[in-house]
Structure formats: structure tokens, C-alpha cells
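If you use the working numbering, the sequence shown corresponds to residues 113 to 336, in order.
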Amino acid sequence: MCLDKGYSDSIPCNDMTELGAIIKTAMTEQSLSLRKLSELSGISSASISRILSNKQPANIHHLQVFSKQLNIPIEQLLNSVGIGVSEKMNTDSNIIMNMICDVLKSFDLELDEIINDIQKELKKYELYAKTSAGKDLILNNFVSKLNELNGAGAIINQLNALFELFRSKDIEPGAKAVIGSTLLYFIHMPDAIPDYAFPIGYLDDAIAVTLTVNRLSQEFHISL
Numbered sequence: 113m114c115l116d117k118g119y120s121d122s123i124p125c126n127d128m129t130e131l132g133a134i135i136k137t138a139m140t141e142q143s144l145s146l147r148k149l150s151e152l153s154g155i156s157s158a159s160i161s162r163i164l165s166n167k168q169p170a171n172i173h174h175l176q177v178f179s180k181q182l183n184i185p186i187e188q189l190l191n192s193v194g195i196g197v198s199e200k201m202n203t204d205s206n207i208i209m210n211m212i213c214d215v216l217k218s219f220d221l222e223l224d225e226i227i228n229d230i231q232k233e234l235k236k237y238e239l240y241a242k243t244s245a246g247k248d249l250i251l252n253n254f255v256s257k258l259n260e261l262n263g264a265g266a267i268i269n270q271l272n273a274l275f276e277l278f279r280s281k282d283i284e285p286g287a288k289a290v291i292g293s294t295l296l297y298f299i300h301m302p303d304a305i306p307d308y309a310f311p312i313g314y315l316d317d318a319i320a321v322t323l324t325v326n327r328l329s330q331e332f333h334i335s336l
């Protein structure tokens, strides 16, 4: 669908890509002009205009900012620029990892190196998650941290599911510590992926969540 309702800074419909149409629809629904979206996102009006009219490619940072400011699932935006993301992401974490790998390749970043760095941090946080201080940090800070992200989609759903499992009295201590390590990483950890590639760190969290979901399935037979 292509909408153009009275914006003086609007883009002709026939010049739009799928990404442009998605963003323009969200702007219309929220009564946002290019100028206002620029103020909210920190991306110049000229850059937004070029992205919408397919005169400038959107990078990963642009997509994450649009996702946050317009409340559009990041998976939908990635799909619109040709990075395949299936609905099965909700149940198949391998698809998530493949998507992440595709994104990182565009920045000449090695997934294996990043995974190793994240696994080291998760191991440290696993020990801390067993302590009263670690548990309190998760219970007191997870919700506010998630609200700051203001995102939607498979990773957000999995983070919420992990938090609910962590709060459960029926979860065994070993699994709870594994879950807690990822929640602590999400709350507290600086990005392993360089800021120039993805300032908000969504991919770090996606990798950490995916590693944990796989481990829970393999070691504890817990499926999300």
C-alpha cells in the first residue's frame, strides 16, 4: 500500500521500494512528517527522503532506528531489503543465526569471533546469575531495559519468554542460571559488535538469546 496524505515533504508513490512503502505507511498512521521523523531518529530529512525514494540504501543502523521510532518489527524491515527472515524465526533459532550472519557479512565482521566473545561473557554472567545480587538485578531491571528498546518481533518475544521462565519457581537451578546469563547480558553488557555497524546492539542480544535457546533445548530439553 502506498500513502501520500498531505505531506509537503512526501515522496512520490511510484518511486518507493517496499521499505519506503512500509516506512511511509507507518509515518502516515502516526502523523509524522519527514522533518519530525528526522528529529526523533537523528537521521537527516534528506537521508530519509533518499532512502524512501530508493536513491540511498538503508544501512543496518537506519533499519534499527526506524524499527524503534516507528514501532515496526525489525524482521519486517530486514525482509523488505532482501535479508530473508521467516515466520519460523519464532521457533527455529537457526534461521535467526543465519539472518545475523547475512547482516554481519555486509560489515566484514566474522560471526564466529563475535560468538566466542559473547559466549565468554555469558559464562561470567552465568555465575553471577546464581547470586542474590544477580537475581535482583534481573528482576528489578529487565522490564525497564526492554521498554527502552521499544521493539517487537521474535527476539523480543524470546526475551520475554526467558524472563518468565527465570521467574518461575519450577525451573531447575542450572537452567535458571543459563537463562539469567542472557538476561544479564541484555541488561548490562556493552556491545560486542562495533558501534559503527549497529549502535543499538540488537544483534548482540539476538546472538545471546539464540545461543541460550539452543543450549536450553540441548541440555535441559526446554523449548521456547
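Note that CB positions come from ideal geometry on N, CA and C, so glycine has one too.
Asked                                                                                                                  : Found
Whole-Å CB distance - residue 250 paired with residue 299, under 8 Å assumed                                           : 7 Å
Cα-Cα separation, residue 310 to residue 324                                                                           : Residue placement at residue 310 is poorly supported in this model, since its pLDDT is 38, which falls under 50; the coordinates still yield a value, given next. Those two C-alpha atoms are separated by around 21 Å.
CA-to-CA distance, residue 253 to residue 150, given in whole angstroms                                                : 30 Å
Residue interval of the alpha helix (DSSP H) (run including residue 289)                                               : 285-300
Backbone CA spacing between residue 129 and residue 165 [nearest angstrom]                                             : 7 Å
Pairwise C-alpha distance: residue 152 and residue 190                                                                 : 21 Å
Pair within 8 Å by beta-carbon distance, residue 292 and residue 241                                                   : yes
Beta-carbon gap between residue 321 and residue 283 smaller than 8 Å                                                   : no
Cα-Cα separation, residue 294 to residue 273                                                                           : 12 Å
Rounded separation between residue 333 and residue 145 - CA only                                                       : 49 Å
Simplified DSSP state of residue 248, which is helix, strand or coil                                                   : helix
Spatial neighbours of residue 290 in its chain, beta-carbon cut-off 7 Å, leaving aside the 5 residues before and after : 238, 324, 327, 328
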